[in-house]
Amino acid sequence: MQLELPLEFRRTELVSRGHVCLGDEVVSYIIKRSHRRRSITLTIDEQGLRVGAPWQASQRAIENQIRKHGAWVLGKLTAWQQRRAPPRRWQDGETLMLLGEPLRLTLAPAPRTTLRDGDLLLVGASAHRLPDEVAQQVIAWLQEQALACFHDRVAHYLPLLVVPPPEIRLSNARTRWGSCHRDGRISLNWRLIQVPLRLVDYVIVHELAHLREMNHSPRFWQTVGRAIPDYAARKREIRTEAHRYLLG
Ligand SMILES: [Zn+2]
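Next up, the structure:
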């Protein structure tokens, strides 16, 4: 004989955690089991992956469902990570990135200069300066480095791609690394100066190749490939890894 709990004491939801391997990534998730649910659902937002499952669903069925949609899950998780900018406090000792190399932000009581010394970025700032002011000063310095670097890399790739020299502008876009305009101008995101040079080069070559082909046709990718044979790996890397280097 079974002892039935009174209805009001029956739990309607059970929350637990799980992990699943997708490729070489371990993805953690939260499972919410409910008596009302009839199928397994996957939701991804800023909190990560959440699985809604019927009360009786087996662990195996849940994992199968996640694996079946593995590419979608990884893509969505990456997209959310990219949107989430690392919190930056602009304090002494914080790490910044320049071409993929860490630089330690070092505030010194000195005139308002910004100077790189090995792996230190010396920022002249009195103890009373507000983080916003330090941020402005460092970002202005990064933008200067960006412009010099981009001009240099464009000059390097122009002869390989056989395109006329474009006008280069820095952009502050939130969602794109670069763009190419029909009048022969290219815009490059100053934040690119934080990622490794191989990825900067990929974005530059991509935009320069648009000066020949204003589309993403096979001929466009052939042009990119002539300058950067391993462009496909770099393209993937900038999509999945670059956010690690970025300032908020
Ligand atoms: Zn493009």
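Residue numbers (this note's numbering): 1 to 248. Cβ atoms here follow ideal geometry from the backbone N, Cα and C, with glycine treated the same way.
- One thing to note: VAL195 has its Cβ within 8 Å of the Cβ of TYR245.
- DSSP places ALA232 in the uninterrupted alpha helix (DSSP H) bounded by 231-240.
- Residue range 59-68 is occupied by the alpha helix (DSSP H) that includes ARG67.
- A heavy atom of ligand 1 is found nearer than 7 Å to the CB of HIS216.
- As for any beta strand (DSSP E) of minimum length 3 sitting wholly inside the segment 107-147, the runs are 114-117 and 120-124, ordered along the chain.
- Between ligand 1 and HIS210, a heavy atom-to-CB distance of less than 7 Å is present.
- Secondary structure at HIS181: coil, using DSSP grouped into helix, strand and coil.
- Excluding its 5 nearest sequence neighbours in each direction, GLU63 has C-beta neighbours in its own chain below 8 Å: GLY18 and VAL20, listed in chain order.
- In the DSSP assignment, GLY48 falls within the beta strand (DSSP E) that extends over 48-54.
- Short of 7 Å from the beta carbon of VAL163, and not among the five residues preceding or following it, lie these beta carbons of its own chain, in chain order: LEU208, LEU211 and ARG212.
- Note: SER28 is bridge-paired with HIS19 in the DSSP secondary-structure output.
- Here GLN145 has LEU98 and ILE193 as same chain residues with Cβ atoms under 8 Å from its own Cβ, once five neighbours each way along the sequence are excluded.
- A contact is defined here as three or more CB-CB pairs under 8 Å, and the segment 221-231 fails this definition with respect to the segment 173-189.
- In the structure shown, ILE204 falls within a helical segment according to DSSP collapsed to helix, strand and coil.
- If only uninterrupted beta strand (DSSP E) runs of at least 3 residues are considered, those enclosed by the segment 71-103 are 95-98.
- When the beta-carbon positions are compared, THR95 and ARG89 stay at least 8 Å from each other.
- By a beta-carbon distance limit of 8 Å, TRP55 does not contact ARG38. Their separation comes to about 10 Å.
- DSSP links GLU213 through a beta bridge to no other residue.
- Taking 8 Å as the cut-off, the beta carbon of LEU77 is found closer than this to the beta carbon of GLY48.
- Within the same chain, LEU105, THR106 and LEU107 come within 7 Å of ASP92 by CB-CB distance, once the 5 residues on both sides are set aside.
- For ILE193, the secondary structure class from DSSP, reduced to helix, strand or coil, is helix.
- Scanning its chain for C-beta atoms nearer than 8 Å, with the 5 sequence neighbours on each side dropped, one finds around SER126 the residues PRO109, in chain order.
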